[in-house]
Amino acid sequence: MPEKRIRTRFAPSPTGYLHIGGVRTALYAEFVAKQAGGDFLLRIEDTDQSRYVEGAVESLCSVMKQLGIEPVEGVWLDDTDKIIQKGDHGPYIQSERKHIHQEYAKKLIEMDKAYYCFCTAERLDEVRKMQELTKRPTGYDGHCRNLDADEVKKRLEAGEQHVVRLKLPEEGTVTVNDVIRGDVSFDWKLIDDQVIIKSDGMATYHLASMADDHDMEITHVIRGEEWLSSTPKHIFLYESMGWELPVFAHLPLILNPDKSKLSKRQGDVAAEDYLKKGYLPEALNNFLALLGWNPTADREIYTKQELIDLFDLSKVNKAGAVFQIDKLNWLNNHYLREMDEQSYFDLVLPHLNAFKEDEDFKKRVASLYRERMILPSEITDQSLYLFSDQLDYSNVSITWKDHTKEEAKSRLEAAIEWIEQIDDTKQYDAKFIEEYIKEMIQKNGWGNGDTLWPLRVSLSAQEKSPSPFELIAVLGKKQSTARVNQALATL
Ligand code: GLU
23 MPEKRIRTRF APSPTGYLHI GGVRTALYAE FVAKQAGGDF LLRIEDTDQS RYVEGAVESL
83 CSVMKQLGIE PVEGVWLDDT DKIIQKGDHG PYIQSERKHI HQEYAKKLIE MDKAYYCFCT
143 AERLDEVRKM QELTKRPTGY DGHCRNLDAD EVKKRLEAGE QHVVRLKLPE EGTVTVNDVI
203 RGDVSFDWKL IDDQVIIKSD GMATYHLASM ADDHDMEITH VIRGEEWLSS TPKHIFLYES
263 MGWELPVFAH LPLILNPDKS KLSKRQGDVA AEDYLKKGYL PEALNNFLAL LGWNPTADRE
323 IYTKQELIDL FDLSKVNKAG AVFQIDKLNW LNNHYLREMD EQSYFDLVLP HLNAFKEDED
383 FKKRVASLYR ERMILPSEIT DQSLYLFSDQ LDYSNVSITW KDHTKEEAKS RLEAAIEWIE
443 QIDDTKQYDA KFIEEYIKEM IQKNGWGNGD TLWPLRVSLS AQEKSPSPFE LIAVLGKKQS
503 TARVNQALAT L
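Residue 400 in the working numbering sits at position 378 of the sequence shown; the count goes up by one each step and never skips.
Spelled out as structure tokens, the structure:
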């Protein structure tokens, strides 16, 4: 038999935003497919219409596009950002497959693997209350499991409201074979007959997702841990239909540092929020891919292609993965430093729009902060002092340690002379300026600290800032001497 083509899918529900856990699921599904030269699909699971949020599909695709996670098949955006569906296993929007799901439900009923249930919401409520009162496990009590065929027919013809439920085994166990968790067994007694078609005729996740996975020839079902306990029902469905089971992989939860489940209340969980803040797609992908998996013990930085080549689903951790924002910040700083200069300027310069200075000056400021930045937007506050004409020295000491004002003055007056002599053609080279100024300090028999501190503070009026050499290189001769003069006037 020819080897099966590997096909994976990401199957989010359009409920408003793309959870970062979802991005990790999408990445892993993409890695598995791409590593094997197979196909990665995007399917929209919108059968729960009450949870549907207008515009959610567009925004979901747009976030995935920004992250560079592109399916070869399924729902996607065209060049004008309109929703399209590509591939020959469609439709890929689940609600458009309603009739297909209904056909499968009919088949299951014919095979006595599912049944019509006419129980009203009130009755189910009563049942649940009684179960709670008598401290029994809650769940459907099987009331309609064995209704007479004629009665069912009559009630259907009379248009009575109904759902369709799976007729699950009442005893014995079922074992889920999960790539990440190994064999996990469940007791059928504890699993109640799942609704697969709701009263509005729409399939629930359980039928819709499994039927679509089968029809779309999905070989690996990679999804969040919350679905593990539903897998027995899914296995029952597959086996009842005589379909070959896919590989199941349930990914660990993403946790806060205090080990609670990462939730909206404790911080951002929407991928779009991270992108909006200025986190780079490369950093986010790299970071999320390593939440719960790392191919080596000593490396944190991987290109997407390396991740694809190295990925191994069976090596994903069972335990929850802690979301450490410091690591994401560190990676973002890394990718900001690594990116080509023009892309860096494109990202950062808009944050300096409020300042009137010329483009070249802004570029020098942007380059100065490249090493020191986590998010591009930080540049505005960080570099504010480089754009002000009048500096405020009231909160910093211009003099060095226990040195006198006179000593500081002598250093600064000399520094003005040195700066004025700097060769204009090399004035923006901090290395050159450093060598030159240090040589001058030595010639005067002064110390580095007692000269460079007053000089740096004069140029910045900040307790902390880049070195005076870097500042002179950015500010240029005229501005640097003007600033040192300002500082002198306050001494
Ligand atoms: N629609 C499900 C969700 O958003 C997907 C689960 C799956 O991948 O099967 O959680």
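The C-beta atom is built at its ideal place from N, Cα and C for all residues, glycine as well.
Would you kindly work out how many angstroms separate the C-alpha atoms of residue i and residue j, rounded to a whole number?
i           : j           : result
residue 460 : residue 484 : 22 angstroms
residue 365 : residue 388 : 12 angstroms
residue 332 : residue 319 : 13 angstroms
residue 63  : residue 189 : 31 angstroms
residue 477 : residue 457 : 15 angstroms
residue 212 : residue 146 : 17 angstroms
residue 360 : residue 326 : 15 angstroms
residue 235 : residue 401 : 47 angstroms
residue 155 : residue 142 : 20 angstroms
residue 263 : residue 122 : 14 angstroms
residue 367 : residue 355 : 15 angstroms
residue 257 : residue 215 : 14 angstroms
residue 386 : residue 452 : 11 angstroms
residue 177 : residue 113 : 33 angstroms
residue 470 : residue 363 : 33 angstroms
residue 51  : residue 206 : 22 angstroms
residue 169 : residue 27  : 43 angstroms
residue 45  : residue 324 : 17 angstroms
residue 252 : residue 139 : 20 angstroms
residue 119 : residue 321 : 44 angstroms
residue 286 : residue 246 : 17 angstroms
residue 395 : residue 157 : 57 angstroms
Short check: CB of residue i to CB of residue j, under 7 angstroms?
i           : j           : result
residue 30  : residue 242 : yes
residue 397 : residue 384 : no
residue 185 : residue 217 : yes
residue 438 : residue 503 : yes
residue 198 : residue 269 : no
residue 271 : residue 240 : no
residue 187 : residue 260 : no
residue 422 : residue 472 : yes
residue 209 : residue 195 : yes
residue 390 : residue 492 : yes
residue 494 : residue 53  : no
residue 79  : residue 106 : no
residue 357 : residue 436 : no
residue 337 : residue 203 : no
residue 510 : residue 434 : yes
residue 273 : residue 283 : no
residue 96  : residue 65  : yes
residue 85  : residue 294 : yes
residue 19  : residue 508 : What the structure shows of the chain is the stretch from 23 to 513, and residue 19 is not part of that stretch, so it cannot be assessed.
residue 300 : residue 416 : no
Could you pull out every residue in the same chain whose Cβ sits closer than 6 angstroms to the Cβ of residue i, ignoring the five residues on either side in sequence?
i           : result
residue 462 : 440
residue 309 : 350 and 353
residue 153 : 160
residue 165 : 141
residue 4   : The structure shown has nothing for residue 4, since the chain only spans 23 to 513.
residue 230 : 69, 116 and 123
residue 424 : none
With a CB to CB cut of under 7 angstroms and the five nearest residues on each side skipped, what residues in its chain are close to residue i?
i           : result
residue 149 : 163
residue 427 : 421 and 513
residue 74  : 36 and 68
residue 265 : 236
residue 379 : 409
residue 82  : 34, 36 and 40
Which same chain residues, not among the five before or five after residue i, have their C-beta less than 8 angstroms away from its C-beta?
i           : result
residue 497 : 408, 481 and 505
residue 117 : 68, 69, 71 and 224
residue 303 : 88, 89, 90 and 297
residue 499 : 441, 442, 444, 446 and 449
residue 376 : 402
residue 468 : 433
residue 219 : 123, 124, 127, 185, 186, 225, 226 and 229
Output yes if chain B places a C-beta closer than 7 angstroms to the C-beta of residue i; else output no.
i           : result
residue 296 : Chain labels in this structure do not include chain B; a single protein chain is all it has.
Sufficient close CB pairs (3 or more, under 8 angstroms) joining the segment 87-96 to the segment 37-53:
For the pair of segments examined, the segment 87-96 was found to touch the segment 37-53: the number of CB pairs separated by less than 8 angstroms reaches three.
Taking 8 angstroms as the threshold, find out whether the segment 404-421 comes into contact with the segment 475-489 through three or more Cβ pairs.
With a cut-off of 8 angstroms on Cβ pairs, the segment 404-421 is in contact with the segment 475-489, counting three or more such pairs.
Inter-stretch contact (C-beta, 8 angstroms, three-pair minimum) for the segment 58-68 and the segment 308-315:
Under the three-pair Cβ rule at 8 angstroms, the segment 58-68 does not count as touching the segment 308-315.
Does the structure place the segment 265-285 close enough to the segment 342-350 that three or more beta carbon pairs sit under 8 angstroms?
Three or more pairs of CB atoms, one per stretch, sit closer than 8 angstroms, so the segment 342-350 contacts the segment 265-285.
Examine the Cβ distances between the segment 90-105 and the segment 124-133 and report whether three or more of them are shorter than 8 angstroms.
In this structure the segment 90-105 does not lie against the segment 124-133, because fewer than three pairs of beta carbons, one per stretch, are closer than 8 angstroms.
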